[in-house]
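Q: The following block contains the structure, expressed as structure tokens.
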Amino acid sequence: MNAKDIIYDQRTFDDKHLTCPRCGWDGTGSETHVAGFYGISKFKEVLCPKCSEYLGNLPRDRSYGEGKLDSQIGPI
Ligand SMILES: [Zn+2]
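Note that the working numbering numbers the sequence shown so that position 61 is 81, with each residue one more than the last.
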């Protein structure tokens, strides 16, 4: 499965066991580097804390507001 197609579950992500296919890093979701908190992307990127390999996506927090997004940005 391609990393860009992987979407983790925010509720269980911190305890999820992950491995990096590039450098062999092994740990849990809470140890990864999560990027993409800003901008209009629908997802945050999960990156390996050692080599920054792209490991998958996390949905944005719901607090961001889907209705708010619609009214501010409009249909995408
Ligand atoms: Zn790595």
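For every residue, glycine included, the Cβ atom is placed at its ideal position computed from N, Cα and C.
Rounded to whole angstroms, how far is the Cβ of lysine 64 from the Cβ of alanine 55, which I believe are closer than 8 Å?
A: As a first step, residue 64 is located in the sequence shown; it is residue number 44 there, counting from the start. As a first step, residue 55 is located in the sequence shown; it is residue number 35 there, counting from the start. That belief holds up - the Cβ atoms of lysine 64 and alanine 55 are roughly 7 Å apart, short of 8 Å.
Q: Whose CB is closer than 6 Å to a heavy atom of ligand 1? List the residues in chain order.
A: Cβ-based neighbours of ligand 1 within the cut-off: Cys40, Arg42, Cys43, Trp45, Cys68, Lys70, Cys71, Glu73.
Q: Rounded to a whole number of angstroms, what is the C-alpha to C-alpha distance between glutamate 73 and glycine 44?
A: Here residue 73 refers to the residue found at position 53 of the sequence shown. Here residue 44 refers to the residue found at position 24 of the sequence shown. Approximately 10 Å, taken between the alpha carbons.
Q: Do you know whose CA, among Asp34, Gly59, Asp35, Arg42, lies nearest alanine 23's CA?
A: Counting from 1 along the sequence shown, the entry for residue 23 is found at position 3. With distances taken between Cα atoms, alanine 23 lies closest to Arg42.
Q: Assuming phenylalanine 63 is part of the beta strand (DSSP E), what are its boundary residues?
A: Position 43 of the sequence shown, counting from 1, holds the residue named residue 63. First-last of the beta strand (DSSP E) with phenylalanine 63: 63-67.
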